[in-house]
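Structure first, commentary second.
2 protein chains.
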Amino acid sequence: MTQRIEFQTQPERYRHWKLRCEGEVAELIMDVDEAAPLFEGYQLKLNSYDLGVDIELADAVQRLRFEHPEVKVVVLKSGKERVFCAGANIRMLAGSTHAHKVNFCKFTNETRNGIEDASANSGQKYLCAIRGTAAGGGYELALATDRILLADDGNSSVALPELPLLAVLPGTGGLTRVTDKRKARRDLADAFCTVEEGVKGARAVKWRLVDQAVANSKFEAAVKEAAAKLAATSDRPGGDARGVALTPLERKIEADAVTYSCVKVEIDRATRRATVTIQGPGEPPPATAQTMWEQGAQFWPLRLARELDDVLLHLRLNEGETGVLIFKSQGDPTQVLAYDAFIAANKDHWLAREILHYWKRVLKRIDLTSRSLVALIEPGSCFAGTLAEIAFACDRSFMLIGAQKGDNRQPATLALSALNFGPYPMSNGLTRLATRFLGEPESVEKAKAETGKALDAETAEELGLVTTALDSVDWDDEVRIFLEERSSFSADGLTGMEANLRFAGPETMETKIFGRLTAWQNWIFQRPNAAGAEGALKRYGTGVKASFNPERV
Amino acid sequence: MTQRIEFQTQPERYRHWKLRCEGEVAELIMDVDEAAPLFEGYQLKLNSYDLGVDIELADAVQRLRFEHPEVKVVVLKSGKERVFCAGANIRMLAGSTHAHKVNFCKFTNETRNGIEDASANSGQKYLCAIRGTAAGGGYELALATDRILLADDGNSSVALPELPLLAVLPGTGGLTRVTDKRKARRDLADAFCTVEEGVKGARAVKWRLVDQAVANSKFEAAVKEAAAKLAATSDRPGGDARGVALTPLERKIEADAVTYSCVKVEIDRATRRATVTIQGPGEPPPATAQTMWEQGAQFWPLRLARELDDVLLHLRLNEGETGVLIFKSQGDPTQVLAYDAFIAANKDHWLAREILHYWKRVLKRIDLTSRSLVALIEPGSCFAGTLAEIAFACDRSFMLIGAQKGDNRQPATLALSALNFGPYPMSNGLTRLATRFLGEPESVEKAKAETGKALDAETAEELGLVTTALDSVDWDDEVRIFLEERSSFSADGLTGMEANLRFAGPETMETKIFGRLTAWQNWIFQRPNAAGAEGALKRYGTGVKASFNPERV
Chain A
46 MTQRIEFQTQ
56 PERYRHWKLR
66 CEGEVAELIM
76 DVDEAAPLFE
86 GYQLKLNSYD
96 LGVDIELADA
106 VQRLRFEHPE
116 VKVVVLKSGK
126 ERVFCAGANI
136 RMLAGSTHAH
146 KVNFCKFTNE
156 TRNGIEDASA
166 NSGQKYLCAI
176 RGTAAGGGYE
186 LALATDRILL
196 ADDGNSSVAL
206 PELPLLAVLP
216 GTGGLTRVTD
226 KRKARRDLAD
236 AFCTVEEGVK
246 GARAVKWRLV
256 DQAVANSKFE
266 AAVKEAAAKL
276 AATSDRPGGD
286 ARGVALTPLE
296 RKIEADAVTY
306 SCVKVEIDRA
316 TRRATVTIQG
326 PGEPPPATAQ
336 TMWEQGAQFW
346 PLRLARELDD
356 VLLHLRLNEG
366 ETGVLIFKSQ
376 GDPTQVLAYD
386 AFIAANKDHW
396 LAREILHYWK
406 RVLKRIDLTS
416 RSLVALIEPG
426 SCFAGTLAEI
436 AFACDRSFML
446 IGAQKGDNRQ
456 PATLALSALN
466 FGPYPMSNGL
476 TRLATRFLGE
486 PESVEKAKAE
496 TGKALDAETA
506 EELGLVTTAL
516 DSVDWDDEVR
526 IFLEERSSFS
536 ADGLTGMEAN
546 LRFAGPETME
556 TKIFGRLTAW
566 QNWIFQRPNA
576 AGAEGALKRY
586 GTGVKASFNP
596 ERV
Chain B
46 MTQRIEFQTQ
56 PERYRHWKLR
66 CEGEVAELIM
76 DVDEAAPLFE
86 GYQLKLNSYD
96 LGVDIELADA
106 VQRLRFEHPE
116 VKVVVLKSGK
126 ERVFCAGANI
136 RMLAGSTHAH
146 KVNFCKFTNE
156 TRNGIEDASA
166 NSGQKYLCAI
176 RGTAAGGGYE
186 LALATDRILL
196 ADDGNSSVAL
206 PELPLLAVLP
216 GTGGLTRVTD
226 KRKARRDLAD
236 AFCTVEEGVK
246 GARAVKWRLV
256 DQAVANSKFE
266 AAVKEAAAKL
276 AATSDRPGGD
286 ARGVALTPLE
296 RKIEADAVTY
306 SCVKVEIDRA
316 TRRATVTIQG
326 PGEPPPATAQ
336 TMWEQGAQFW
346 PLRLARELDD
356 VLLHLRLNEG
366 ETGVLIFKSQ
376 GDPTQVLAYD
386 AFIAANKDHW
396 LAREILHYWK
406 RVLKRIDLTS
416 RSLVALIEPG
426 SCFAGTLAEI
436 AFACDRSFML
446 IGAQKGDNRQ
456 PATLALSALN
466 FGPYPMSNGL
476 TRLATRFLGE
486 PESVEKAKAE
496 TGKALDAETA
506 EELGLVTTAL
516 DSVDWDDEVR
526 IFLEERSSFS
536 ADGLTGMEAN
546 LRFAGPETME
556 TKIFGRLTAW
566 QNWIFQRPNA
576 AGAEGALKRY
586 GTGVKASFNP
596 ERV
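Those protein sequences? They're chains A and B, same order as listed.
Counting from 46, one number per residue, gives the positions in the first sequence under this note's numbering.
Counting from 46, one number per residue, gives the positions in the second sequence under this note's numbering.
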């Protein structure tokens, strides 16, 4: 698996999905090309999926939000005759490294959360119409939608057969959504998750696993009716609005660098660090929402969000040995604040709303990136408002007091905007500042009072907004020591520590999925019963039963 | 590690702790005998601990609640000169099996939660007086107390050096309590957890890691003053009340069975099942609280709770291959309800209060036991009130309709009492019935309306209180199939699945510790960077640096 995994795609290039938009209701049809797996060595039979299939799904979900403001309901269905979706491809999983398995699951979980975010925040509801078997990840996909209709035809079923078949968990949110979203009774959930063949018809409704079981003859009509009902609950702009095209990213890939229009990543392989430099806006925000819409994918906040998102995915999947991400920025902080103010002023415009929610998701993607994150806030930087949020997402931040010798740029400042105090909640439901100041909520208010001001390093440190303010005498040494120290620690230990320290405060279904469910799944992915040579993943389909160590831990 | 681990002890037998009770304030002094480890192969230097040390601590915490109603504040301190506690013994960890590490951590976490439970619910507050280094588990112990005083002497410090030294997490609640109880700022927490030597004095206060840093000369006085302040907040009965002695358990251990006064465990090694049979009360509850107090440890609910607790720990640590626990009961359900009514009526008596909270903790211990749990509710059983709660803690429950041929006992019934609706919350803060019926809260009310009634199998199934009601024709086959099926699954997959399905609904600090923190720690305990031959645990103290795989997952 040394080929570079590409996260950019577009509907014309889809191999596995068909997206049909007609008025308020779109159809998103899963029709996996079994001959087009992401890697060699397996076929995507029975509408099973791998990361390649999910990259297309994530792209479709994203385009539906930006390119189709008229779409109020998305009907998710299968393009195959007798199967809805067989879930994640088992041979792919069996042949994958631990790291690929973990990152594959994380991405699929983010995509499912994205579906729920579209429904909760963009008025784009999802309906799942299941004909045939929806097993494992197939049913988990259904679980991410607002309403599940199951054909009551003696054949169609929902199932989470991971435990009996593969000795792993339904880890794409499956267990958590069954108990916390569908709120199935725990003993019935237990029964459900141990029945390979799954559950059908009326029992699936009774166990709260689907919303409706409908006879085949009435299925199409029921789907239509349910779609119309969901559409009626949507605050999506509808018919008149026109979307903005998510045009291909400007991107140049070199051996140790990726350069976008306003992001650059430089990778130092010797030290295993990547420096992500963000370029502030080159011009002030447009005067009107109409101009923002005309700029479309070129509108700086949207362009940057897309580029940053691509960077994060690229680093996660293609640069596994990079242990530390260093965030830097360059530009005019007042311009960044001007963009924030523009978006805040236009937040009722559907496109501004989409951009805000997209930034929220990109920032969550940072929170969930299992690399050490550090912000270096230096002269010439523009960590203001939305960009300051990146510094708050970091495990540590260093800010230079004054300037380095010979540098005659203005000393670094940090600035807050209204967007730091609400629109970008973390997975735990709190803003980064509220999470940061859990023990001293008055500090959030104190920071809020400084909104819009250019805070120098000492003030930012005093307000608790950066970890350390350093003068030019100490800067190089302190930063170097931190980076070297970080490189000396165990990669796994850091992953576990950061996954705990980043999410103080309340838990939500989302944090439960990434904390509890994912952590247990990662553990199981390491255990011989699943992943060993005689384990269930390796032995699946060979006709030889897996050999299990019965010890309970 | 094939010797049986014994969880019963008493102060006269302590090797590692001294308990001094004088009036309202007790001193619990950690003074580990380095020559008395639980297993061979390591010495407990620097007040480090192993499971044996923690078993004594758990015993002391428990006795303080039952035997010392006069104690309002417990001062936790070290009996060594220059060290408070160096945490879990590293050689012990390095030499332990994965299963022992996991179960050791679980037990220590339960003990720390028990300390917090005493403070929150029994008015028995804990104060930690740190002189010397409190590192790793030593600081985690401090974190479990209400107030931490640190000597400001240039030497005393608090530290969580697990990541830098050992490539593992501060897994005994450490990370979670730093962020969620102490509410330390995440970047400072990150800095703290990466500094081997820890943090001292004023900085420890500023970072919210301790409550007070006090000069050596004033330390004793400050501890006294803080203890008096805490005592003033306590609703503990105080001076007049006399405790009840937790006398040694009646217990007979045989090769495949352990028999107590009202619990019997039979282990079938071929099928890897243990049957836990609970005996209901032999006589009605006493007439007065005074008589309950006179019965003391013989009072049936207390006796049963202690025996059941011992069973759970024995099975976890000494019977690792037992995959399924089958709970049965025998006795008169009306007697069980009478005891529940007696306790509910006397819940303001300190002893009844202790017993209720103890049952809560025992039931939590069941929830957290990583074995499949099933209740078989048969004629002659007494799953009523508190005992019904055990069935609700199970992954599945089967209830027989009518009787087996030739059995002329009354058919099985299930009954609810007031104790099913409040006093026994799970770690998630909800009752088991509220968790069970998360999706249909009206079912809790429906069940409540049936309080006190003897519900037959079909009614119990209809009310959703048992998984399956079966008649005598199907009983044997269905139960057998379930048990065989369970045995065929991967032990790890079951552990992960059950840890997810049992805890629907909200999360608390406690569930975060057992879900997020523990699951990540277990993952790390499997990773070569920590546990491999070249990993940090194995290489610690050898002078050879650990060799790490830098891949980030």
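Where a beta carbon is used, it is the ideal one built from N, C-alpha and C, also for glycine.
- In this model, residue 104 of chain A and residue 412 of chain B are separated by some 41 angstroms (Cα to Cα).
- Nearest C-alpha to residue 576 of chain A among B:590, B:537, B:574, B:597: B:537.
- For the region 97-108 of chain A, there are no residues whose beta carbon sits under 8 angstroms from a beta carbon of chain B.
- According to the DSSP assignment, residue 337 of chain B belongs to no beta strand (DSSP E) but to the alpha helix (DSSP H) extending over 334-340.
- When C-alpha distances from residue 329 of chain A are compared across A:378, A:368, A:294, the shortest belongs to A:378.
- At a cut-off of 9 angstroms between beta carbons, residue 209 of chain A contacts chain B.
- Taking the Cα of residue 428 of chain B as reference, the smallest distance to any Cα among B:152, B:73, B:555, B:501 is reached at B:501.
- The region 171-185 of chain A and the region 120-139 of chain A touch, with three or more beta-carbon pairs separated by less than 8 angstroms.
- Annotation for residue 123 of chain A: the continuous beta strand (DSSP E) segment containing it runs 118-123.
- Across the region 346-362 of chain A, no CB contact with chain B closer than 8 angstroms is found for any residue.
- The criterion of a C-beta distance shorter than 9 angstroms is satisfied by residue 169 of chain A and residue 279 of chain A.
- Around residue 249 of chain B, the same chain offers 195, 203, 255, 258 as residues with beta carbons nearer than 7 angstroms, after the five sequence neighbours per side are excluded.
- Cβ proximity to chain A below 9 angstroms picks out 533, 534, 535, 536, 537, 538, 539, 540, 541, 542, 543, 544, 545, 546, 547, 548, 549, 550, 551 from the region 533-551 of chain B.
- Here residue 97 of chain A carries a helix assignment [DSSP, helix/strand/coil].
- Secondary structure of residue 65 of chain B (DSSP, three-state): strand.
- In this structure, residue 209 of chain A lies away from residue 184 of chain A, with their beta-carbon atoms at least 9 angstroms apart.
- Rounded to whole angstroms, the separation of the alpha carbons of residue 405 of chain B and residue 85 of chain A is 53 angstroms.
- In the three-state DSSP reduction, residue 137 of chain B falls in the helix class (H, G or I).
- Under the three-state reduction of DSSP, residue 507 of chain A is assigned to helix.
- Taking the Cα positions, residue 393 of chain B is about 28 angstroms away from residue 56 of chain B.
- Under a criterion of Cβ atoms nearer than 7 angstroms, the residues of chain A adjacent to residue 509 of chain B are, in order, 230.
- Contact between residue 171 of chain A and residue 119 of chain A holds, since their C-beta atoms are separated by about 5 angstroms, short of 8 angstroms.
- Scanning its chain for C-beta atoms nearer than 8 angstroms, with the 5 sequence neighbours on each side dropped, one finds around residue 400 of chain B the residues 344, 346, 347, 350, 388, in chain order.
- Looking at the backbone, the Cα of residue 147 of chain B and that of residue 554 of chain B are separated by about 19 angstroms.
- In the DSSP annotation of this structure, the continuous segment of the beta strand (DSSP E) that includes residue 178 of chain B starts and ends at 178-180.
- Here DSSP, grouped into helix, strand and coil, assigns residue 305 of chain A to strand.
- Contact note: residue 484 of chain A reaches chain B through 227, 228, 229, 230, 253, using a C-beta cutoff of 8 angstroms and chain order.
- Close to residue 566 of chain A, with beta-carbon spacing below 8 angstroms, are these residues of chain B in chain order: 541.
- DSSP places residue 536 of chain A in the uninterrupted alpha helix (DSSP H) bounded by 536-546.
- In terms of Cα proximity to residue 192 of chain B, the closest of B:186, B:182, B:199, B:173 is B:173.
- The criterion of a C-beta distance shorter than 9 angstroms is satisfied by residue 308 of chain B and residue 322 of chain B.
- Classified as buried, residue 472 of chain A has 16 or more neighbouring CB atoms from the shown chains inside 10 Å of its CB.
- If you look at residue 408 of chain A, you'll find it in the alpha helix (DSSP H) that goes 395-412.
- The DSSP assignment places complete alpha helix (DSSP H) segments of no fewer than 4 residues inside the region 452-525 of chain B at 477-481, 487-493, 502-507, in order along the chain.
- Relative to residue 445 of chain B, the option among B:439, B:231, B:456, B:438 whose CA is nearest is B:456.
- By the rule that beta-carbons nearer than 9 angstroms mark a contact, residue 439 of chain A touches chain B.
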